[in-house]
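Novice: Take this structure first; my questions come after.
Numbering (the working numbering), first residue to last: 15 to 296.
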């Protein structure tokens, strides 16, 4: 009878020893340093109003929108582990508080929930409108849509919200993999019958890079860099939709960034002047 040596004999001694040394043990105790790296302490400083509407703009879309939104002077900031992640503004054209987040550093996946839930629980917004992007090349739809025809999409917790034809629903099975999804979910979980949450998504021609494994220090040079430049028409539509999600029937024009308007000079090289009018927290 033929015998299979792989069945009838034990593994070589070196193989057992190698497995014992190299195999990852999920029950292994991690030291305090590893545990601390996975803790996220969110702190909001400055005179940031509570209980008002909240307009939160994230990432590439938030940075580009903020440059032409006439936000005024910065009134506060949001820090995660003493690293500035968000800028707070109170522009004259809305009663809402504006938070521009992840414009010069990005949150790791395990810090997104803590950040968004802290914003919602601390500020307690009556309603929230959020701006972010979706990767149009990977968006699943019944027909192929070229980038230049990709529409602005939205998700809303309110069935009564009327959207213009320029905006299309963000339909399943597509998913949002960013802090914005966590922020919208946090608002929905805590909302009452009068609270609403709306997510406005600009089409992005590339698949965004995955979130970092750890939170990096702020890089303010990112404020001068645009991951993508949307048309003024698209930005004005997004601007109008954001305010409609907060119950505003009218909205001021999105003015365009200084680079778009052809303004040059030392001010354009000052990162503090690209979003709002700067402030003590930058």
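Quick reminder that beta carbons are idealized off the backbone N, C-alpha and C, glycines included. Note that the structure is predicted; figures quoted are calculated from it, not measured.
According to the Cβ coordinates, are residue 147 and residue 73 closer than 8 Å?
Specialist: yes
Novice: Based on the DSSP secondary-structure assignment, which residues constitute the bridge partners of residue 227?
Specialist: Per DSSP, none; premise fails for residue 227.
Novice: Start and end of the alpha helix (DSSP H) containing residue 134?
Specialist: 123-137
Novice: Taking only three categories from DSSP, how would you classify residue 143?
Specialist: strand
Novice: Helix, strand or coil: which one does DSSP assign to residue 220?
Specialist: coil
Novice: State yes or no: is the C-beta of residue 254 within less than 8 Å of the C-beta of residue 265?
Specialist: Cβ atoms of residue 254 and residue 265: closer than 8 Å.
Novice: From the DSSP output, which residues share a beta bridge with residue 57?
Specialist: 93
Novice: Does the region 154-167 come close enough to the region 82-102 to have 3 or more Cβ pairs within less than 8 Å?
Specialist: no
Novice: Shortest alpha-carbon distance to residue 173 belongs to which of 97, 102, 149 and 211?
Specialist: 211
Novice: From what residue to what residue does the alpha helix (DSSP H) around residue 108 run?
Specialist: Where residue 108 is concerned, there is no enclosing alpha helix (DSSP H), given that its DSSP letter is neither H nor E.
Novice: With C-beta atoms as the reference, is residue 111 less than 8 Å away from residue 145?
Specialist: no
Novice: When the Cα of residue 118 is compared with those of 64, 197 and 78, which residue comes out closest?
Specialist: Out of 64, 197 and 78, 78 has the C-alpha closest to the C-alpha of residue 118.
Novice: On the DSSP bridge list, what partners appear for residue 181?
Specialist: Bridge partners of residue 181: 166.
Novice: Please say whether residue 167 and residue 178 have beta carbons closer to each other than 8 Å?
Specialist: no
Novice: Excluding the five sequence neighbours on either side, which residues of its own chain have a C-beta within less than 7 Å of the C-beta of residue 191, listed in chain order?
Specialist: none
Novice: So residue 63 and residue 104 are in contact, right, with Cβ under 8 Å, and what is the actual spacing, rounded?
Specialist: 7 Å
Novice: When you compare only the Cα positions, how much space is there between residue 109 and residue 222?
Specialist: 32 Å
Novice: Enumerate in chain order the residues of its own chain whose CB-to-CB distance from residue 200 is below 7 Å, with the five nearest sequence positions on each side excluded.
Specialist: 130, 131 and 134
Novice: Between the alpha carbons of residue 198 and residue 171, how many angstroms are there, rounded?
Specialist: 9 Å
Novice: Pull up the distance between the alpha-carbon of residue 219 and that of residue 127, whole angstroms please.
Specialist: 26 Å
Novice: Name the DSSP beta bridge partners of residue 72, please?
Specialist: 115
Novice: Going by the DSSP bridge assignment, what does residue 252 pair with across the sheet?
Specialist: Note: residue 252 sits in no beta bridge, so no partner.
Novice: Cutting at 8 Å between CB atoms, please list the residues of its own chain near residue 269, excluding the five before and the five after it.
Specialist: 82, 83, 84 and 275
Novice: Give me the Cα-Cα distance between residue 137 and residue 163, rounded to the nearest whole angstrom.
Specialist: If I take the Cα positions, the gap works out to 37 Å.
Novice: Can you tell me which of 217, 122 and 180 puts its alpha carbon nearest to the alpha carbon of residue 154?
Specialist: 217
Novice: Helix, strand or coil for residue 100 per DSSP?
Specialist: strand
Novice: Which of the three DSSP states is assigned to residue 194 in this structure?
Specialist: DSSP places residue 194 in helix when its eight states are reduced to three.
Novice: Give the straight-line distance between the Cα atoms of residue 114 and residue 215, rounded to the nearest whole angstrom.
Specialist: 15 Å
Novice: Going by C-alpha distance, which of 263, 66 and 181 is nearest residue 249?
Specialist: 181
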